[in-house]
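Taken in sequence, the protein lines are chains A and B. Each residue of the first sequence is one higher than the last, beginning at 6 in my numbering. Each residue of the second sequence is one higher than the last, beginning at 7 in my numbering. Glycine included, each C-beta is placed from N, C-alpha and C at the ideal position. Okay, so here's the structure we're looking at.
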Amino acid sequence: MSFSILAETKKIAKITLMGEVDSLSAREFQKEIEKMAAESPDELVLFVENLTFISSAGLRVLIFAKQKMGSNLAIYIVNPQESIVETIEKTGLQHSVNIVDQYL
Amino acid sequence: MMVDNRIDYYPTHEHEGIKFRRGHALPFGATMVAGGVNFSIFSSGSTACTLVLFERGEALPFAEIPFPDEFRVGNVYCMTVFDLNYERLEYGYRMDGPFNPSAGLRFDKTAILSDPYAKVLGGRDTWMVKPDWDNVYQYRSRLAFEDFDWEQDHPLETPIEDLIIYEMHVRGFTQHESSGLKNRGTFSAIRSKIPYLKELGVNCVELLPIYEFDEWENSRQNPVTGETLVNYWGYSTVNFFSPKAGYAATGKFGMQVDELKTLIKELHKNGIEVMLDVVFNHTAEGDQRGPTISFRGLDNKTYYMLTPEGYYFNFSGTGNTLNCNNPVVRNMVLDCLRYWASEYHIDGFRFDLAAILGRAQNGAPLSNPPLLESLAYDPVLAKCKLIAEAWDAGGLYQVGSFPAYGRWAEWNGKYRDNLRKFLKGDAGEVGDMIQRIMGSPDLYSMRGPTASINFVSCHDGFSLYDMFAYNEKHNEANGENNNDGANDNNSWNCGHEGETDDPAINFLRHKQVKNALAILLVSQGVPMVLMGDEVGRTQKGNNNTYCQDNELNWFDWSQQETNADLYTFSQRIINFRRQHPVLRSSTHFQYWDYVGSGYPDISFHGTKAWSCDRSESSRTFAFMLCGDHAKQGVIKDDMIYVAMNMYWGGLHFELPGLPPEKKWYLFANTDMPSPGDCFVPGSEPILENQHEFLVGSRSVVILIGR
Numbered sequence: 006m007s008f009s010i011l012a013e014t015k016k017i018a019k020i021t022l023m024g025e026v027d028s029l030s031a032r033e034f035q036k037e038i039e040k041m042a043a044e045s046p047d048e049l050v051l052f053v054e055n056l057t058f059i060s061s062a063g064l065r066v067l068i069f070a071k072q073k074m075g076s077n078l079a080i081y082i083v084n085p086q087e088s089i090v091e092t093i094e095k096t097g098l099q100h101s102v103n104i105v106d107q108y109l
Numbered sequence: 007m008m009v010d011n012r013i014d015y016y017p018t019h020e021h022e023g024i025k026f027r028r029g030h031a032l033p034f035g036a037t038m039v040a041g042g043v044n045f046s047i048f049s050s051g052s053t054a055c056t057l058v059l060f061e062r063g064e065a066l067p068f069a070e071i072p073f074p075d076e077f078r079v080g081n082v083y084c085m086t087v088f089d090l091n092y093e094r095l096e097y098g099y100r101m102d103g104p105f106n107p108s109a110g111l112r113f114d115k116t117a118i119l120s121d122p123y124a125k126v127l128g129g130r131d132t133w134m135v136k137p138d139w140d141n142v143y144q145y146r147s148r149l150a151f152e153d154f155d156w157e158q159d160h161p162l163e164t165p166i167e168d169l170i171i172y173e174m175h176v177r178g179f180t181q182h183e184s185s186g187l188k189n190r191g192t193f194s195a196i197r198s199k200i201p202y203l204k205e206l207g208v209n210c211v212e213l214l215p216i217y218e219f220d221e222w223e224n225s226r227q228n229p230v231t232g233e234t235l236v237n238y239w240g241y242s243t244v245n246f247f248s249p250k251a252g253y254a255a256t257g258k259f260g261m262q263v264d265e266l267k268t269l270i271k272e273l274h275k276n277g278i279e280v281m282l283d284v285v286f287n288h289t290a291e292g293d294q295r296g297p298t299i300s301f302r303g304l305d306n307k308t309y310y311m312l313t314p315e316g317y318y319f320n321f322s323g324t325g326n327t328l329n330c331n332n333p334v335v336r337n338m339v340l341d342c343l344r345y346w347a348s349e350y351h352i353d354g355f356r357f358d359l360a361a362i363l364g365r366a367q368n369g370a371p372l373s374n375p376p377l378l379e380s381l382a383y384d385p386v387l388a389k390c391k392l393i394a395e396a397w398d399a400g401g402l403y404q405v406g407s408f409p410a411y412g413r414w415a416e417w418n419g420k421y422r423d424n425l426r427k428f429l430k431g432d433a434g435e436v437g438d439m440i441q442r443i444m445g446s447p448d449l450y451s452m453r454g455p456t457a458s459i460n461f462v463s464c465h466d467g468f469s470l471y472d473m474f475a476y477n478e479k480h481n482e483a484n485g486e487n488n489n490d491g492a493n494d495n496n497s498w499n500c501g502h503e504g505e506t507d508d509p510a511i512n513f514l515r516h517k518q519v520k521n522a523l524a525i526l527l528v529s530q531g532v533p534m535v536l537m538g539d540e541v542g543r544t545q546k547g548n549n550n551t552y553c554q555d556n557e558l559n560w561f562d563w564s565q566q567e568t569n570a571d572l573y574t575f576s577q578r579i580i581n582f583r584r585q586h587p588v589l590r591s592s593t594h595f596q597y598w599d600y601v602g603s604g605y606p607d608i609s610f611h612g613t614k615a616w617s618c619d620r621s622e623s624s625r626t627f628a629f630m631l632c633g634d635h636a637k638q639g640v641i642k643d644d645m646i647y648v649a650m651n652m653y654w655g656g657l658h659f660e661l662p663g664l665p666p667e668k669k670w671y672l673f674a675n676t677d678m679p680s681p682g683d684c685f686v687p688g689s690e691p692i693l694e695n696q697h698e699f700l701v702g703s704r705s706v707v708i709l710i711g712r
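Below, the structure written as structure tokens:
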């Protein structure tokens, strides 16, 4: 008899967003998410330190990601500017994502 | 993707570089389809239509595309336009046709018109930010996403008899500095105050109009203070499908749809339903002197009730009357409500001046109004509460006779009037009050107590505290020489007009507020509490604060402490109702013991047990509910005894005897100073004297038998 363990490490998708996500750039963002969804990651980490604006279409990509990759997907928004945090909070998305200062 | 391969998603036409093709007639409005947007607009009598496209916020359109003749189906113009930036787009229509007011035709191709089916409206994005009056297109149709992440949420479907409705104004609830919030006056701010609503115990919020309206409409200066008077209440709809952008902290980003849906989802998570106050009786276009925003320019004689000379019927008291029983308009109302029920998960609707919805196209009242019937039997609205304000400004008063189709409930204006008169000590009210506390079987014998929405105050009229602080209205700040607002307030100032330092008067006022809330919350039917009445909110005697965007209307959160006795009493009486199903029956009393408990379901008493003085001079009565009859005998509850003495002297009430194993406990006695005026439901103290209770002057006593 032999004994074996198949250990699986977490699959982490990382994206860095800069500037403004409006309806046009949101399409690019969404395409990127779709590509990553094919890998079925456990975590989606968005580095957004230099993101200055996210529009309604941009926020929807986050919801799309959750729906596409399953509700177990943990989304991390890393080091967002105050205005981005406010937008996320006012529209109630903060319950679906984790806003963190840094991702370790 | 499959859908991209359909050949009807390829353009066939081009105009100044913009590609488009023949569209689909239904659904009306602007709908996102693969690669483009389908525009569909109804207009009868017009000769031509042009689609006008703007980049968001730009003064002039970037394109105007005339609809080719072959794009018209019946009276509907439809077109699919490709490659539009759906987040940056604003659109409208020019409608060409005859201008002949006496024939009801008011086409004007120089005007750019809003789409009545627009799901978002731009132009008034932030509350009271001064608009550009020279803008050629003031209220700009925009597109909305319909992909909100509702997760498991759905309308709560709370049985209507279990509701405790809280009528509130979105802005007024949190705009006062004392709310301590950052985004004051918004949907988002209400979300932060959900713990307060939960603690208070209400399980339904009824929002004053949140359809897009223009707060600047008829704005003017307060003659006394110079302050700007605005359209604060919002009973003047610009668009029926769009939420008010100025009520959203994210309105300036065009995210009001998401913000409102998030609020509704959170309220639902906390067991609180959301009801909308909807205004389908008129629009913001006013009479012939008013602005042309949408309906007037699209199809004046379809959307409005017109006199034979082509002027506007004014059953709403605001200039025009929406032609609700025209089949086209009726369908728009239906589409609108279905949209709010399905896309926003709204739990119910309260229809402003709903008697108008039962008038024929010539204004005559209908015995079987098609609109009301359609709403009552609509499959999408099947679980929504439908509540009518069963009167209009044209003299039609239908409390008790509103066409109900087994569905409609009513704001019970008679409940309000009888209770107010009874509270101020009028003689001859006991007979009517007995009907009111039973859910008004005299008005709703066939419809049950759930047809009766009981209230003693609402946005329209005195606040509850002011009802006992003012004999007369004081509406000078509205700038109409105190001529506006109702004169039949049935109020009583308790001995001094306005604020006073007299402790006896102030005690009596607080007692009267508690009396009113106590009776309201133990009456059968559905109670509605006005925002702020639970903390003694005052409007300084103004009974028509529609134009006051200031402290007259804002909820002052510091009153939760300064009037802590009122807040505690309100909170406990509301939770008392929630704990006792015997107070919330869906059927009328039968006045006999149909479960074999030894007591009838309801019995009436007075200073003598089992004897109720209903004579003209009586100002006093008591009733007892038998808990074994709760919910038609399905649930066991305690016995509840309520004594009401609106006489100016204290009276001894003989208590009805209980079964040997039960004793009387005191829940509330409004004659006592706080904290002895009421107890935490479930931990009421036992009465020393089980046979008699001295009920103070103008006081309510509530006992529990268990």
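Residue i burial status per 10 Å Cβ neighbour count (16 or more: buried)
{"i": "A:K95", "result": "buried"}
{"i": "B:Y597", "result": "exposed"}
{"i": "A:L22", "result": "buried"}
{"i": "A:A70", "result": "buried"}
{"i": "A:I10", "result": "exposed"}
{"i": "B:V335", "result": "buried"}
{"i": "B:I299", "result": "buried"}
{"i": "B:Q545", "result": "buried"}
{"i": "B:V230", "result": "exposed"}
DSSP three-state assignment for residue i, whether helix, strand or coil
{"i": "B:H611", "result": "strand"}
{"i": "A:E33", "result": "helix"}
{"i": "A:Q99", "result": "helix"}
{"i": "B:W417", "result": "strand"}
{"i": "B:S576", "result": "helix"}
{"i": "B:V211", "result": "strand"}
{"i": "B:L359", "result": "coil"}
{"i": "B:W346", "result": "helix"}
{"i": "B:A475", "result": "coil"}
{"i": "B:G485", "result": "coil"}
{"i": "B:Q585", "result": "helix"}
{"i": "B:H658", "result": "strand"}
{"i": "B:S248", "result": "coil"}
{"i": "B:A388", "result": "coil"}
{"i": "B:N496", "result": "coil"}
{"i": "B:K25", "result": "strand"}
Sheet register partners of residue i (DSSP bridge)
{"i": "A:Q86", "result": "Looking at the DSSP assignment, A:Q86 forms no beta bridge with any residue, so it has no partner."}
{"i": "B:H697", "result": "Its beta-bridge partners do not exist; DSSP assigns none."}
{"i": "B:W670", "result": "B:G711"}
{"i": "A:V50", "result": "A:K19 and A:Y81"}
{"i": "B:G371", "result": "It is Pro, not Gly, that sits at residue 371 of chain B in the sequence shown. Paired residue(s): B:R365."}
{"i": "B:L66", "result": "B:L66 is not bridged to any residue."}
{"i": "B:F728", "result": "Residue 728 of chain B cannot be examined here, being either before or after the span of chain B that is shown, 7 to 712."}
{"i": "B:I393", "result": "B:R356 and B:A415"}
C-beta neighbour in chain E for residue i, strict 7 Å
{"i": "B:S194", "result": "In the structure shown, chain E cannot be found, because the protein chains are A and B."}
Using a Cβ distance threshold of 8 Å, determine whether the stretch 398–416 of chain B contacts the stretch 357–366 of chain B, with at least three qualifying pairs required.
yes
Check your understanding: Taking one C-beta from the stretch 471–489 of chain B and one from the stretch 189–196 of chain B each time, how about it: are there three or more such pairs within less than 8 Å?
Key -> no
query: Taking any Cβ of chain B, which residues in the stretch 24–44 of chain A have a Cβ under 9 Å from it, in chain order?
result: D27, S28, L29 and A31
Along the stretch 16–41 of chain B, where does the CB come closer than 9 Å to a CB of chain A? Name the residues.
none
Residues of the stretch 66–97 of chain B with Cβ closer than 8 Å to any Cβ of chain A, in chain order: N91, Y92, E93 and R94
query: Is it true that the stretch 432–447 of chain B meets the stretch 507–517 of chain B, where meeting means three or more beta-carbon pairs spaced less than 8 Å apart?
result: no
Report task. Closer than 9 Å, Cβ to Cβ, to anything on chain A: give me those residues from the stretch 237–267 of chain B, in chain order. Result -> A254, A255, T256, F259, G260, M261, V263, D264, E265 and K267
Three Cβ pairs or more, each shorter than 8 Å: is that satisfied between the stretch 589–596 of chain B and the stretch 167–179 of chain B? yes
- Closer than 9 Å, Cβ to any Cβ of chain A: which residues of the stretch 266–283 of chain B, in chain order? K267, T268, L269, K271 and E272
Interfacial residues, the stretch 85–97 of chain A to chain B, with Cβ spacing under 9 Å:
E91, T92, E94, K95, T96 and G97
Notebook entry, point to check: Of all the residues that make up the stretch 42–62 of chain A, which are near chain B by a beta-carbon distance shorter than 8 Å?
Noted result: S60, S61 and A62
* Closer than 8 Å, Cβ to any Cβ of chain A: which residues of the stretch 131–151 of chain B, in chain order? -> F151
Under 8 Å, with one C-beta from each stretch per pair, do the stretch 307–316 of chain B and the stretch 236–251 of chain B reach the 3-pair mark?
no
Are the stretch 596–611 of chain B and the stretch 461–475 of chain B touching by the rule of at least three beta carbon pairs closer than 8 Å? no
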